[in-house]
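Per the working numbering, the sequence shown starts with residue 21, numbered consecutively. Just so it is clear, CB atoms sit at the ideal spot from N, CA and C, and this is done for glycine as well. Note that the coordinates shown come from a computational prediction; the quantities given were computed from them, not determined experimentally. See structure below.
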Amino acid sequence: MAVIADRCPQVQVTVVDLNAERIAAWNDPDLNQLPVYEPGLDAVVGRARGRNLHFSTAVEEAIAQADLVFISVNTPTKTRGLGAGQASDLRWVEASARTVAKAAQGHTIVVEKSTLPVRTAAVIQEILEAAEGSGPSAQQVGKTFSVLSNPEFLAEGTAIADLEHPDRVLIGGQDPQAIEALAALYRHWVPAERILTTNLWSSELSKLTANAFLAQRISSINGIAAFCEATGADVREVACAIGADSRIGSRFLQAGPGFGGSCFQKDILNLVYLCRHYGLGEVAAYWEQVVTLNHWQQRRIARLVITKLFGTVSGKRIGVLGFAFKADTNDTRESPAIRICRHLLEEGAILQIVDPKVSERQMALDLGQPAGSGDGSWHQVPDVLQAASGADALLLLTEWQTFSRIDWPAVAEVMRRPAWLFDARAKADGAAARAAGLNVWTVGEG
Ligand code: UGA
Numbered sequence: 021m022a023v024i025a026d027r028c029p030q031v032q033v034t035v036v037d038l039n040a041e042r043i044a045a046w047n048d049p050d051l052n053q054l055p056v057y058e059p060g061l062d063a064v065v066g067r068a069r070g071r072n073l074h075f076s077t078a079v080e081e082a083i084a085q086a087d088l089v090f091i092s093v094n095t096p097t098k099t100r101g102l103g104a105g106q107a108s109d110l111r112w113v114e115a116s117a118r119t120v121a122k123a124a125q126g127h128t129i130v131v132e133k134s135t136l137p138v139r140t141a142a143v144i145q146e147i148l149e150a151a152e153g154s155g156p157s158a159q160q161v162g163k164t165f166s167v168l169s170n171p172e173f174l175a176e177g178t179a180i181a182d183l184e185h186p187d188r189v190l191i192g193g194q195d196p197q198a199i200e201a202l203a204a205l206y207r208h209w210v211p212a213e214r215i216l217t218t219n220l221w222s223s224e225l226s227k228l229t230a231n232a233f234l235a236q237r238i239s240s241i242n243g244i245a246a247f248c249e250a251t252g253a254d255v256r257e258v259a260c261a262i263g264a265d266s267r268i269g270s271r272f273l274q275a276g277p278g279f280g281g282s283c284f285q286k287d288i289l290n291l292v293y294l295c296r297h298y299g300l301g302e303v304a305a306y307w308e309q310v311v312t313l314n315h316w317q318q319r320r321i322a323r324l325v326i327t328k329l330f331g332t333v334s335g336k337r338i339g340v341l342g343f344a345f346k347a348d349t350n351d352t353r354e355s356p357a358i359r360i361c362r363h364l365l366e367e368g369a370i371l372q373i374v375d376p377k378v379s380e381r382q383m384a385l386d387l388g389q390p391a392g393s394g395d396g397s398w399h400q401v402p403d404v405l406q407a408a409s410g411a412d413a414l415l416l417l418t419e420w421q422t423f424s425r426i427d428w429p430a431v432a433e434v435m436r437r438p439a440w441l442f443d444a445r446a447k448a449d450g451a452a453a454r455a456a457g458l459n460v461w462t463v464g465e466g
């Protein structure tokens with residue numbers, strides 16, 4: 021919404037949320053205090069806020085004034101009831117649709133921005149239709165709605181660039197006028213040929229499919245990485261060789277500790293659930309394997325660390341480099357670091373975790389225990405040197421740029437020998453670490 025406001029100065033954009041604390045944070049005069057860390061976002065918000073970008077808790081008022089309403093609430097995996105563990109929990113979407121139905125005035129275009137299971141637009145449409153025709157008074161025109169699907173393809177860490185130069189914008193819908201109104205917004209900065217229009221269901225399904233294909237590439241390369249380690253091949257050479265084939269392409273072939281983030285796993289499980297619902301058991305099993313392999317990769321790395329440290333990590337210090345699910349974000353949702361650290365904590369390790377953006381509070385929530393001391397405990401440290409202090413191993417889990425510039429002789433000095441570097445992202449200077457006397461394991465290197 022900040023980028024839309026930035027690129028369309030004549031359009032008034034109001035972001036509303038029930039959470040007053042969050043809205044206050046978005047209104048904080050200090051742009052460093054925004055609730056989301058995303059490179060470049062502070063500048064965009066700085067340009068548009070107060071001009072045509074507003075953050076407010078006056079939800080119904082803003083809806084009443086709006087020509088377009090974007091529903092951008094979260095759709096986590098259901099934790100209980102029908103479809104628990106796979107289906108998306110649509111309670112926030114439904115609640116939002118009901119609020120829009122109640123508060124809208126005149127004609128309102130309702131845009132699904134949240135990632136939703138296929139045919140969710142029908143649910144939103146039904147809720148809105150129940151309110152159609154009703155108006156605040158007999159003199160005023162009754163309300164009417166058009167529903168569009170406009171999934172988001174940005175990735176965290178590169179969100180601003182992805183939004184400013186998208187590969188494509190996708191708009192699904194049945195009402196040509198509504199599609200045109202939304203497309204006109206994007207045409208302020210997106211070339212017309214990159215704005216694709218489809219029917220509602222294709223648009224909803226394209227989002228799930230895009231994420232499933234991306235995640236599948238990661239599980240594929242991680243599977244091959246394990247095979248490389250077993251055979252003496254090098255996964256980076258293999259990725260480079262296969263990526264040179266233009267039909268395969270070179271992106272999204274980096275082996276690592278498995279994919280994290282709020283979407284890949286959730287969207288694939290949702291796809292799996294829907295395939296089963298429609299009687300497509302084989303298709304469901306095929307995609308489910310992408311998630312299975314992802315978890316396997318995380319267990320494999322934890323087990324490997326334990327094995328190399330003579331079969332036990334109990335009471336041993338391990339420095340963990342990176343906790344976010346990828347670099348340049350403070351987001352830890354489904355971060356591979358969570359599963360791997362939990363395995364090591366269960367085995368009694370003492371984890372010294374460093375991450376440039378993740379708070380201790382967030383780590384405590386994710387690891388299910390507060391910072392502490394003794395066997396099976398973790399605590400946060402401010403830099404790599406302190407993560408290494410007294411440690412038998414360093415485990416690199418997030419590809420922060422700073423981890424490629426480690427002073428290995430200084431680090432080796434403070435570690436206990438024999439010392440290990442386990443580089444699950446192939447980000448560190450392995451040769452320098454070896455030269456400083458460490459044993460080095462790099463993902464996918466045989
Ligand atoms: C992903 C998609 O890339 C976006 O297109 C989509 O809009 C978004 O999900 C969403 O649905 O919200 P995001 O999760 O922010 O974006 O980040 P990615 O860059 O896709 O990375 C996801 C995970 O895969 C990270 O843990 C990353 O480290 C890992 N990854 C990525 C690899 O292990 N190897 C790679 O080659 C690429």
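For residue i, the residue or residues it bridges with in DSSP
i: Thr-218; result: Gly-192
i: Ser-108; result: Thr-97
i: Phe-330; result: In DSSP, Phe-330 forms no bridge with anything.
i: Glu-132; result: Ile-91 and Ser-169
i: Val-36; result: Ser-76
i: Asp-443; result: Leu-416 and Thr-462
i: His-297; result: Paired residues: none, contrary to the question.
i: Thr-164; result: His-127
i: Ile-338; result: Leu-371 and Ala-413
Anticipated Cβ contact below 8 Å, residue i with residue j, distance rounded
i: Trp-428; j: Asp-449; result: 7 Å
i: Asp-254; j: Glu-80; result: Contact doesn't hold; Cβ gap of about 58 Å is too wide.
i: Asn-290; j: Gln-106; result: 7 Å
i: Ala-82; j: Ala-25; result: About 14 Å separates the two Cβ atoms, so there is no contact after all.
i: Val-65; j: Ala-22; result: 5 Å
i: Ala-181; j: Ile-129; result: Contact doesn't hold; Cβ gap of about 27 Å is too wide.
i: Ala-19; j: Ala-430; result: Because the chain here runs from 21 to 466, residue 19 falls outside it and cannot be looked at.
Contact check, residue i vs residue j, beta carbons under 8 Å
i: Pro-186; j: Arg-214; result: yes
i: Asn-170; j: Ser-134; result: no
i: Cys-28; j: Leu-202; result: no
i: Val-131; j: Leu-168; result: yes
i: Thr-398; j: Ala-407; result: Looking at the sequence provided, one finds Trp at residue 398 rather than Thr. Contact flag unset, no.
i: Ile-238; j: Phe-279; result: yes
i: Ile-321; j: Ala-245; result: no
i: Ile-358; j: Thr-352; result: yes
i: Gly-191; j: Thr-164; result: Residue identity differs from the one stated: residue 191 is Ile in this sequence, not Gly. Cβ atoms of Ile-191 and Thr-164: not closer than 8 Å.
i: Gly-368; j: Gly-396; result: yes
i: Leu-441; j: Val-460; result: yes
i: Val-378; j: Ala-347; result: no
i: Pro-277; j: Leu-417; result: yes
i: Ala-304; j: Glu-224; result: no
i: Thr-77; j: Ala-40; result: yes
i: Ala-179; j: Glu-58; result: yes
i: Val-340; j: Val-333; result: no
i: Glu-419; j: Gly-281; result: no
Neighbour-count burial assignment, residue i, 16 or more Cβ in a 10 Å radius
i: Asn-468; result: A question about residue 468 goes unanswered here, because the residues of the chain that appear run from 21 up to 466.
i: Gly-252; result: exposed
i: Gly-301; result: exposed
i: Gln-159; result: Only weak support is given to the placement of Gln-159: the predicted model assigns it a pLDDT of 47, under 50, and the question is left unresolved by the model.
i: Asn-314; result: buried
i: Cys-260; result: exposed
i: Val-288; result: In the sequence on display, residue 288 carries Ile and not Val. Classification for Ile-288: buried.
i: Ser-108; result: buried
i: Gly-193; result: buried
i: Ser-116; result: buried
i: Phe-75; result: buried
i: Asp-386; result: buried
i: Gln-53; result: exposed
i: Leu-148; result: buried
i: Pro-356; result: buried
i: Gln-30; result: exposed
i: Gly-394; result: exposed
i: Gly-269; result: exposed
Chain C within 8 Å of residue i, Cβ atoms only
i: Gly-276; result: Protein chains in the displayed structure number just one, and chain C is not present.
(Q) Report the start-end ranges of each alpha helix (DSSP H) in the stretch 354-408 that is 4 residues or longer and not cut off at the edges. (A) 356-366, 380-387 and 404-408
Run through the stretch 52-78 for me and flag every whole beta strand (DSSP E) of 3 or more residues, listed as ranges in chain order.
73-76
- Task: Entirely within the stretch 204-263 and at least 3 residues each: give me those beta strand (DSSP E) ranges in chain order.
- Result: 215-218
Q) Can you give, in chain order, each stretch of the alpha helix (DSSP H) that sits fully within the stretch 264-297 and has at least 4 residues? A) 284-297
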